[in-house]
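I have placed the structure first, in the form of structure tokens, so that the comments after it can refer back to it.
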Amino acid sequence: MRTRHALALGLATAATVTTLAATGPAVAAPAHPAKAPERTSCPQLSKNIKWYGDNRAKIQRMIDERGSCSHPKPGPEGRPVAAFDWDNTVVKNDISDATLAWSLRHDKILRPKSWKSTSPWMTTAADRALTKACGTSVPAGRPLRTSKNAACADEIMEIRGKARTMDGQAAFAGEWNHRRTKPEYAWIPQLFAGLTPAQVSSYAQQARTENLAAPIGAKQTVGTHQLAGYIRYYDQQKDLIRTLKAAGFQVYIVSASSETIAEAWSGGVGVDRAHTIGVRSLVKNGRFTTGIRGCGDVKDGHGEVLPYMDGKRCLINQEIFKIKGAEAWRFQDPAHRIALGGGDANTDVTFVNDATGVHLAVNRNQPELMCRGYDNADGRWVVNPMFIEPLPQKSGTYPCATTGYTNTDGGTGPVRRPDGTVVPDQRDRVHA
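The numbers in this note's numbering rise by one with no breaks, and the one at position 360 of the sequence shown is 360.
Quick look at the structure:
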């Protein structure tokens, strides 16, 4: 029997429920109850922190309606839930890249017995390129000297970032569900195989200290690759999470980074380990392996499921709402969906779209997310430029009607609304 845990919407009355039901777009919520408490007494987002347009007011309205201000005692469904992606949603830049870069610069990656064993999708070309660049003089299980061996560091960085070798050959091949996983995303936690959770946590914490201390705009070089050398918590998101928690929401982080790495960062916004969900590497004899936990009816494996696109929905349903098996992949009733979902990329679109109160999209010009954000089918999308170094307006339009949607086989198609109608191409309207 399903455990009805942590509401997404159930605190609202039936009259205020708004859904993304399969029959079509939802209607706007009606006015507040006649005897609603004075809104100024509710937990408030800071007016000293800038949001785009009237976005602060839209989010505040949802907090007032769904939180403890209007519902001082949780109903039978429990407290409302908010879920956020991490990289480029709660912070500027990427904590996985930062931790990998720090580890490569400090010789912390262990040489595997064979590179092909690190991923079920790794190609022979990638295996050969890594073996040639990183050599075989270091015994398996010992640290590679990547701080001095630029060629080895370059192959690792190129495969992580572009899923190809330095000479342009595909690093991964085969079949996978493109709405559930991405091999190069799974590969970062797989590179930490052989290390203890405490070691990886320490590397993430040291990368955190380094990147928070670096000035905004700083770059770092790994091998010959140049990448961002700083990370910042977004003030807006820290304040939003603070306000949501004060208003009685349960707040979760759902990240495609290693869960151990995400946990090294999430406390900075007041989210504890129990509310941090990431890529969960399997541990054997106290050390990480290349194995990764599955979700729903997909068993543990080597990355067939990640907190990625539809995988984020599965993990939210399974870990927060306690929905088991194949049902965890499915769109749920309003009482078993999050109230607020925040993300910045196509990797987040499914769970952000599932939210019943606010869909918060940080604009990084990601087609499917922005197509849905600008189409605003249920009137609850909040689109905001990146809070630090925002992108300029995208030229042209997002190809919503043709190639904006990623199919499970990796092909593309039109973005569709719940009623099956096609979202027309959208112009970038919220930007720096």
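Each residue gets a CB set at the ideal place from its N, CA and C atoms; glycine is no exception.
Model, not experiment: these values are computed from the prediction.
Quiz item: Would a C-beta distance cut-off of 8 Å place Ile49 and Thr243 closer than the cut-off?
Solution: no
Exercise. Tell me the start and end of each unbroken alpha helix (DSSP H) in the region 85–159 that is at least 4 residues and wholly inside, in chain order.
Key: 95–105, 124–134
Quiz item: Going by beta carbon distance, what residues of the same chain come within less than 6 Å of Ser439, once the five residues before and after it are set aside?
Solution: Residue 439 lies beyond the stretch modelled for the chain, which goes from 1 to 432, so this question has no answer here.
Quiz item: Okay, do the region 349–356 and the region 302–313 touch, 3+ Cβ pairs below 8 Å being the bar?
Solution: yes
Quiz prompt | Reference Leu195, options Arg142, Asn211, Ala213, Pro183, closest by Cα | solution = Arg142
Self-check item: With 16 other Cβ atoms within 10 Å as the buried cut-off, status of Thr408
Solution: exposed
Quiz item: Roughly how many angstroms separate the alpha carbons of Gly410 and Asn365, rounded to a whole number?
Solution: 19 Å
Practice problem: From the DSSP output, in three-state form, read off Asn48 for me. | Solution: coil
Quiz item: For the region 182–192 against the region 280–294, are there 3 or more C-beta pairs whose distance is under 8 Å?
Solution: yes
Practice problem: Reducing DSSP to helix, strand and coil, say where Ala31 ends up. | Solution: Note on Ala31: pLDDT 44, under 50, position unreliable in the model; the coordinate value appears next. Coil, per DSSP.
Quiz item: Quick one: any contact between the region 112–127 and the region 69–78, if contact means 3 or more CB pairs under 8 Å?
Solution: no
Quiz item: Enumerated in chain order, which unbroken segments of the beta strand (DSSP E) with a length of 3 residues or greater are wholly contained in the region 200–249?
Solution: 219–222, 225–228
Quiz item: Helix, strand or coil: how does DSSP classify Tyr405 here?
Solution: strand
Self-check item: Nonlocal neighbours in the same chain, by C-beta distance under 6 Å from Gln318, ignoring five residues either side
Solution: Cys295, Ala328
Practice problem: Would you kindly work out how many angstroms separate the C-alpha atoms of Ala256 and Val279, rounded to a whole number? | Solution: 6 Å
Quiz prompt | Buried versus exposed call for Ala36 [16 or more other C-beta atoms within 10 Å across all chains shown] | solution = Its pLDDT being 44, under 50, Ala36 is placed unreliably in this model, and the coordinates cannot settle the point.
Practice problem: List in chain order: all unbroken beta strand (DSSP E) runs of 3+ residues lying wholly within the region 322–403. | Solution: 340–343, 358–363, 381–385
Self-check item: Asn391 versus Val138: straight-line alpha-carbon distance, rounded
Solution: Strictly speaking, residue 391 in this sequence is Leu, with Asn absent from that position. Each residue's Cα considered, the two are about 43 Å apart.
Self-check item: Span of the alpha helix (DSSP H), counted from its first residue to its last, around Gly311
Solution: 310–315
Quiz item: Could you give the residue range of the beta strand (DSSP E) that holds Leu306?
Solution: Note, Leu306: premise wrong, no beta strand (DSSP E); not H, not E.
Quiz item: Using CA coordinates, which residue listed in Lys47, Glu389, Ala339 is at the minimum distance from Val362?
Solution: Glu389
Self-check item: Where Gln426 sits in the DSSP three-state scheme
Solution: strand
Quiz item: Can you tell me whether DSSP reads Pro418 as helix, strand or coil?
Solution: coil
Quiz prompt | Residues near Ile241 in its chain [Cβ-Cβ closer than 8 Å; skip 5 each side] | solution = Ala82, Phe84, Val90, Val251, Val269, Gly270, Val271
Quiz item: Taking Cβ positions, are Pro43 and Ala246 nearer each other than 8 Å?
Solution: yes
Quiz item: So, is Gln236 buried or exposed, given that buried needs 16 or more other C-beta atoms within 10 angstroms?
Solution: buried
Quiz item: Which one of Met166, Ile159, Asn149, Asn285 has the shortest CA to CA distance from Asp107?
Solution: Asn149
Quiz prompt | Rounded C-alpha distance that separates Cys152 from Ala98 | solution = 17 Å
Quiz prompt | Cβ-based neighbour list, Glu368, same chain, cut-off 7 Å, excluding 5 preceding and 5 following | solution = Asn346, Val349, Gly404, Tyr405, Thr406, Val415
Quiz prompt | Distance CB(Arg164)-CB(Cys134) smaller than 8 Å | solution = no
Self-check item: Member of Lys92, Leu45, Lys394 whose CA lies at the smallest distance from the CA of Ala214
Solution: Lys92
Exercise. Note the first and the last residue of the continuous alpha helix (DSSP H) segment covering Thr260.
Key: 259–266
Self-check item: Status (buried if at least 16 other CB within 10 Å, exposed otherwise) for Asn88
Solution: buried
Practice problem: Could you tell me whether the Cβ atoms of Val332 and Cys371 are closer together than 8 Å? | Solution: A quick correction: the sequence has Gln, not Val, at residue 332. Cβ atoms of Gln332 and Cys371: not closer than 8 Å.
Quiz item: Once you ignore the five residues that flank Gly343 on each side, which residues in its own chain have a CB closer than 8 Å to its CB?
Solution: Phe84, Asp85, Thr89, Val349, Phe351, Val352, Leu360, Ala361, Val362, Leu369
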